[in-house]
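Below is one structure, written out as structure tokens; comments come after it.
There are 2 protein chains.
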Amino acid sequence: MSAARMQVLSSRNVRLLSRGRNEVFAGRSGAQRPGGDPRTRSLTCPPLSSSSSPGRALSSLSATRRGLPKEKMSENGIMSRAKVLTIDTMNPTVKKVEYAVRGPIVQRAVELERELSEGMKKPFAEVIKANIGDAHAMGQQPITFFRQVLALCSYPELLSDSTFPEDAKSRACRILQSCGGNSMGSYSASQGIDSVRQDVARYIERRDGGVACDPDNIYLTTGASDGIVTMLKLLVCGEGTTRTGVMIPIPQYPLYSAALAELGAVQINYFLNEEKCWSLDITELQRAVNEARQYCNPRALCIINPGNPTGQVQSRQCIEDVIRFAAKERLFLMADEVYQDNVYAEGCQFHSFKKVLFEMGPEYAETVELASFHSTSKCYMGECGFRGGYMEIINMDDEVKDQLTKLLSVRLCPPVPGQALMDLVVNPPQPGEPSYGSFIKERTATLSALAEKAKLTEQVLNTVQGISCNPVQGAMYSFPRITIPEKAVKEATETGQQPDMFYCMKMLEETGICLVPGSGFGQKDGTYHFRMTILPPTDKLKILLNKVKEFHQRFTQQYS
Amino acid sequence: MSAARMQVLSSRNVRLLSRGRNEVFAGRSGAQRPGGDPRTRSLTCPPLSSSSSPGRALSSLSATRRGLPKEKMSENGIMSRAKVLTIDTMNPTVKKVEYAVRGPIVQRAVELERELSEGMKKPFAEVIKANIGDAHAMGQQPITFFRQVLALCSYPELLSDSTFPEDAKSRACRILQSCGGNSMGSYSASQGIDSVRQDVARYIERRDGGVACDPDNIYLTTGASDGIVTMLKLLVCGEGTTRTGVMIPIPQYPLYSAALAELGAVQINYFLNEEKCWSLDITELQRAVNEARQYCNPRALCIINPGNPTGQVQSRQCIEDVIRFAAKERLFLMADEVYQDNVYAEGCQFHSFKKVLFEMGPEYAETVELASFHSTSKCYMGECGFRGGYMEIINMDDEVKDQLTKLLSVRLCPPVPGQALMDLVVNPPQPGEPSYGSFIKERTATLSALAEKAKLTEQVLNTVQGISCNPVQGAMYSFPRITIPEKAVKEATETGQQPDMFYCMKMLEETGICLVPGSGFGQKDGTYHFRMTILPPTDKLKILLNKVKEFHQRFTQQYS
Numbered sequence: 313m314s315a316a317r318m319q320v321l322s323s324r325n326v327r328l329l330s331r332g333r334n335e336v337f338a339g340r341s342g343a344q345r346p347g348g349d350p351r352t353r354s355l356t357c358p359p360l361s362s363s364s365s366p367g368r369a370l371s372s373l374s375a376t377r378r379g380l381p382k383e384k385m386s387e388n389g390i391m392s393r394a395k396v397l398t399i400d401t402m403n404p405t406v407k408k409v410e411y412a413v414r415g416p417i418v419q420r421a422v423e424l425e426r427e428l429s430e431g432m433k434k435p436f437a438e439v440i441k442a443n444i445g446d447a448h449a450m451g452q453q454p455i456t457f458f459r460q461v462l463a464l465c466s467y468p469e470l471l472s473d474s475t476f477p478e479d480a481k482s483r484a485c486r487i488l489q490s491c492g493g494n495s496m497g498s499y500s501a502s503q504g505i506d507s508v509r510q511d512v513a514r515y516i517e518r519r520d521g522g523v524a525c526d527p528d529n530i531y532l533t534t535g536a537s538d539g540i541v542t543m544l545k546l547l548v549c550g551e552g553t554t555r556t557g558v559m560i561p562i563p564q565y566p567l568y569s570a571a572l573a574e575l576g577a578v579q580i581n582y583f584l585n586e587e588k589c590w591s592l593d594i595t596e597l598q599r600a601v602n603e604a605r606q607y608c609n610p611r612a613l614c615i616i617n618p619g620n621p622t623g624q625v626q627s628r629q630c631i632e633d634v635i636r637f638a639a640k641e642r643l644f645l646m647a648d649e650v651y652q653d654n655v656y657a658e659g660c661q662f663h664s665f666k667k668v669l670f671e672m673g674p675e676y677a678e679t680v681e682l683a684s685f686h687s688t689s690k691c692y693m694g695e696c697g698f699r700g701g702y703m704e705i706i707n708m709d710d711e712v713k714d715q716l717t718k719l720l721s722v723r724l725c726p727p728v729p730g731q732a733l734m735d736l737v738v739n740p741p742q743p744g745e746p747s748y749g750s751f752i753k754e755r756t757a758t759l760s761a762l763a764e765k766a767k768l769t770e771q772v773l774n775t776v777q778g779i780s781c782n783p784v785q786g787a788m789y790s791f792p793r794i795t796i797p798e799k800a801v802k803e804a805t806e807t808g809q810q811p812d813m814f815y816c817m818k819m820l821e822e823t824g825i826c827l828v829p830g831s832g833f834g835q836k837d838g839t840y841h842f843r844m845t846i847l848p849p850t851d852k853l854k855i856l857l858n859k860v861k862e863f864h865q866r867f868t869q870q871y872s
Numbered sequence: 313m314s315a316a317r318m319q320v321l322s323s324r325n326v327r328l329l330s331r332g333r334n335e336v337f338a339g340r341s342g343a344q345r346p347g348g349d350p351r352t353r354s355l356t357c358p359p360l361s362s363s364s365s366p367g368r369a370l371s372s373l374s375a376t377r378r379g380l381p382k383e384k385m386s387e388n389g390i391m392s393r394a395k396v397l398t399i400d401t402m403n404p405t406v407k408k409v410e411y412a413v414r415g416p417i418v419q420r421a422v423e424l425e426r427e428l429s430e431g432m433k434k435p436f437a438e439v440i441k442a443n444i445g446d447a448h449a450m451g452q453q454p455i456t457f458f459r460q461v462l463a464l465c466s467y468p469e470l471l472s473d474s475t476f477p478e479d480a481k482s483r484a485c486r487i488l489q490s491c492g493g494n495s496m497g498s499y500s501a502s503q504g505i506d507s508v509r510q511d512v513a514r515y516i517e518r519r520d521g522g523v524a525c526d527p528d529n530i531y532l533t534t535g536a537s538d539g540i541v542t543m544l545k546l547l548v549c550g551e552g553t554t555r556t557g558v559m560i561p562i563p564q565y566p567l568y569s570a571a572l573a574e575l576g577a578v579q580i581n582y583f584l585n586e587e588k589c590w591s592l593d594i595t596e597l598q599r600a601v602n603e604a605r606q607y608c609n610p611r612a613l614c615i616i617n618p619g620n621p622t623g624q625v626q627s628r629q630c631i632e633d634v635i636r637f638a639a640k641e642r643l644f645l646m647a648d649e650v651y652q653d654n655v656y657a658e659g660c661q662f663h664s665f666k667k668v669l670f671e672m673g674p675e676y677a678e679t680v681e682l683a684s685f686h687s688t689s690k691c692y693m694g695e696c697g698f699r700g701g702y703m704e705i706i707n708m709d710d711e712v713k714d715q716l717t718k719l720l721s722v723r724l725c726p727p728v729p730g731q732a733l734m735d736l737v738v739n740p741p742q743p744g745e746p747s748y749g750s751f752i753k754e755r756t757a758t759l760s761a762l763a764e765k766a767k768l769t770e771q772v773l774n775t776v777q778g779i780s781c782n783p784v785q786g787a788m789y790s791f792p793r794i795t796i797p798e799k800a801v802k803e804a805t806e807t808g809q810q811p812d813m814f815y816c817m818k819m820l821e822e823t824g825i826c827l828v829p830g831s832g833f834g835q836k837d838g839t840y841h842f843r844m845t846i847l848p849p850t851d852k853l854k855i856l857l858n859k860v861k862e863f864h865q866r867f868t869q870q871y872s
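In the order they appear, the protein sequences are chains A and B.
Counted the way the numbering used here counts, the first sequence spans residues 313 to 872.
Counted the way the numbering used here counts, the second sequence spans residues 313 to 872.
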């Protein structure tokens, strides 16, 4: 180790001593705190024990947050005391990773919640986290049937409890009989439980009007994110101008940019057309791939439909054109279809890439490589915490498939409760079964409430001068364009912030509303946006939208 | 694309057409099939619906397993038809990954189970998968209290059910109150639920006789594997001779070699001393690191204690020596302690690296970087399917910690049911609580049965000439050394197999017993071993051990 290198380390270690607690903590908080959401439905429970208050986490910080004691720096033992792992010696690709959905603004929101809970005065009574599609955290109720089956699978003694409906019991039995030792505590096959993959296959066949689905093409995953990252991992190779490039929409869901950064792949941006309701133009795809071929090897095209954060729903024609484009340009298609039940707008309909591909005839159906992703986290379920999901893989080379299964086996298996939940999503109560009525009632209520909130959000935001919002045709977010006055842009730039980050931070501090700046998803230069979920309960959403309206007017006035 | 390259692709595609179904399937099967384990405890359930028989998965294979139709290969459309992703164009580091615990021998075991279920005659009635530490699949019962709480968390309506004990209800309430919207369906903080991290911290403080633990150093993970891979990911950097090297024991648990291969890090082997009951010698560590410094940059040292696959339990003295060595050589310590409750041998005791580190005084306690890993999958719980785990991180640079949290946030959060289960493991029923008695009874029964089976396994195997087995001091496996006759080694080498793979394959075909060859874990050249779990019920384990004995004698005779 060079003296210079040691110097860097020592000075860094000294600097660490001067980091304030908040500064240290801000960088490390997650997105939620225990019982922190005032919207939680009430339980007949004793009060939360003091041991789980955030206080303790803070109180003992000093104990292990010392960096290296200064007085020891000069001893000759220095070599053994300088840290092995520092910001300068860690994996450089990890440093490049960014994920705005849980970025600095969310960390500040968590801090504000702590400060409120500690009695600090704020211009608002609660923090509203509209930054992430976390339905249950916003008060959405789980589907009763799903939770009954999960309870039965967790504690099979309940199978003899007469209060549980028979269809819930038979689902639970089928799942348990597919588990080693009839227990969700056993590892499943790395690809997922066979019977669940078969149920997924039949669901896809029903969804796609009878297009055949082979259960052997289904891989259960730890949420859709896991499947997407795994597929990207398989695709990455080459160096320099032969390095794998992956086309992603702009605006995008930042999992894609984060995964590509970590894998050291080349991100190829294609811009969605905001003027045409965030539609996808083939000419733009062509421009992007042509330019990219000069500096990398474009191998995959990612589509998010319905769109996140942009909420558009693709037409069948557009999907056909995308498939032709992928075939012509030899691109592996990745279709992120986790919002497939979240379609609200008149005349809009979800078309799966799989279905369209097969309807285009053998020339495409037998050659174009496609991976499509689904999840238990969105739609009417909103079961994010269970980390359930699947991917279907079409036309993948058999040897690559073997490699995929081998790779998955290292992580043993996806969480079995998430697999069970995925099974229920693709195999819900059928007409004639005891739980059918309540299931349909609950699902319909959730989806129509979302449709109403999508419309409401678009309408209210479009009444604000300086905010223009495309129709929220699907998914769970609005991504309105906002006008930020020159003076505000200037002030933001001077403080080294993106103008929309500056805008959202100000909104958070003044209103307690936590949104994600458009810069976290990507946007055309000079345009500014934010992403806001439409998930809060309607009455709360109305208040939230009015607060946004008032803030925008105040902000515009202040900086004009 | 060059003509030569196209030729490669076409010939590969043509070759794909000739792959037999079994051959294709063998490479892709997982480790289990629905209801396939005859040891499953019986449920009062309807018979498994035919739709979930493996037949369907096979029947439709032909539909999507065509590779590229031959007659189309010659058309000029070839460019668009050659696959984007092939074995030659996929990520080369993924190809290097190996994971024997679910390798070819397990895939063959799954095939044999299918063949048995389809009525094919075999010299055995059932396949016994002793290849993996999957307790529930081997008939071990889950802890009642844990499953009651999970059922309550899954379906909170049960909180009003008087048949559930009060302590289960209060645990469930505490967990739910820490979840957004009081639902396990919400995302948690990326680092894990605050109250769970606080319970983990208090568990560690109790376990380590009062050594302080900061909840902010606790990260909940998706099983221990997730934490281990994440830590390795942070550590990898540099190229050529400055590339990060990581020291792992040989024999090792193959997650380590697999992760290092995928990350492109350098695997540095240090050999455990089989003659001294798989003990760890510092001189061997020194040899390994000295040699490694010539071709890479050793930055981390991985320890598995109690040992997997080797079953040794490290002495306190040895751990102290390892810590001194790590400090002297500036290595980040990774302590895999997932078997911390699985200690059976007289005079053996589990000592955590954290405790020993802090007892060595500030010179070490404040400087040596340590990550220690635990899981819900092993010990007396055996809840593998829930993918619960945590890691504790000591002396990590604050900026790196921020990067770690950022990296974890991309995957949103570990499965919440797994976090809940981890919470119960570290915060089980206490004396005076209604479930305390049954909890202690169940835990003791499981652990003493394991102790008995550990002894039994060692004793029986050591009665066999040509098999020598070290005491199974801890963990869940025996890793006996086997003598393989020259003739067998020759035949194996001629068929391109490792001699112990040849041996285990033969045992599987003749007895239905599925073991993992020592070559999958690493072993000294010229020595051969297999790993066998001690998990089967005692009566079944006796039968299994006798079958192994008979097979070894037959095999030895046949090849001498």
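The beta-carbon is built from N, C-alpha and C at its ideal position, and this holds for glycine as well.
Going by beta carbon distance, what residues of the same chain come within less than 7 Å of residue i, once the five residues before and after it are set aside?
| i | result |
| --- | --- |
| A:D520 | S664, K666 and K667 |
| B:F476 | Q460, L464 and L470 |
| B:L632 | First, the residue type needs correcting, since residue 632 of chain B is Glu and not Leu in the sequence shown. Result list for B:E632: V668 and M672, in chain order. |
| B:G552 | none |
What residues in its chain sit with their C-beta under 6 Å from that of residue i, if we drop five residues either side in the sequence?
| i | result |
| --- | --- |
| A:A577 | V548, T556 and V558 |
| B:S721 | S502 |
| B:A960 | This structure leaves residue 960 of chain B out entirely; chain B is present only between 313 and 872. |
What distance in whole Å lies between the Cβ atoms of residue j and residue i, which are believed to be in contact at a cut-off of 8 Å?
| i | j | result |
| --- | --- | --- |
| B:L682 | B:N707 | 7 Å |
| A:F833 | A:P621 | 5 Å |
| B:L773 | B:L847 | At roughly 15 Å, the Cβ-Cβ gap does not stay under 8 Å, so B:L773 and B:L847 are not in contact. |
| B:S909 | B:F457 | Absent from the model: residue 909 of chain B. The displayed extent of chain B is 313 to 872, so no value can be given. |
| B:L724 | B:Y499 | 5 Å |
| A:C614 | A:Y656 | Their Cβ separation, rounded to whole angstroms, is 23 Å, which puts A:C614 and A:Y656 out of contact at 8 Å. |
How would you label residue i, buried or exposed, when you count the other beta carbons within 10 angstroms and need 16 or more for buried?
| i | result |
| --- | --- |
| A:D837 | exposed |
| A:T850 | exposed |
| B:M432 | exposed |
| A:I796 | buried |
| B:K753 | exposed |
| A:Y607 | exposed |
| B:R611 | buried |
| A:G749 | exposed |
| B:L853 | buried |
| B:E587 | exposed |
Using 8 Å as the Cβ pair cut-off and three pairs as the minimum, do the segment 509-523 of chain A and the segment 565-576 of chain A touch? Taking 8 Å as the limit for Cβ pairs, the verdict is that the segment 565-576 of chain A does not touch the segment 509-523 of chain A.
What residue ranges within the segment 446-534 of chain B form continuous alpha helix (DSSP H) runs of no fewer than 4 residues, ordered along the chain? 456-466, 478-489 and 506-519
Q) When the Cβ atoms of the segment 482-495 of chain B are set against those of the segment 446-464 of chain B, are three or more pairs found closer than 8 Å? A) yes
message = As an exercise, report each continuous beta strand (DSSP E) stretch of at least 3 residues that is fully enclosed by the segment 556-637 of chain A, in chain order.
response = 556-562, 578-583 and 609-616
Requested in this report: Please list the segments of the alpha helix (DSSP H) lying wholly inside the segment 657-696 of chain A, counting only runs of 4 or more residues, in order along the chain.
Outcome: Complete alpha helix (DSSP H) runs here, min 4: 665-671 and 674-677.
- [ ] Indicate whether the contact test is met: 3 or more Cβ pairs, each with one atom in the segment 623-641 of chain B and one in the segment 784-792 of chain B, closer than 8 Å.
- [x] yes
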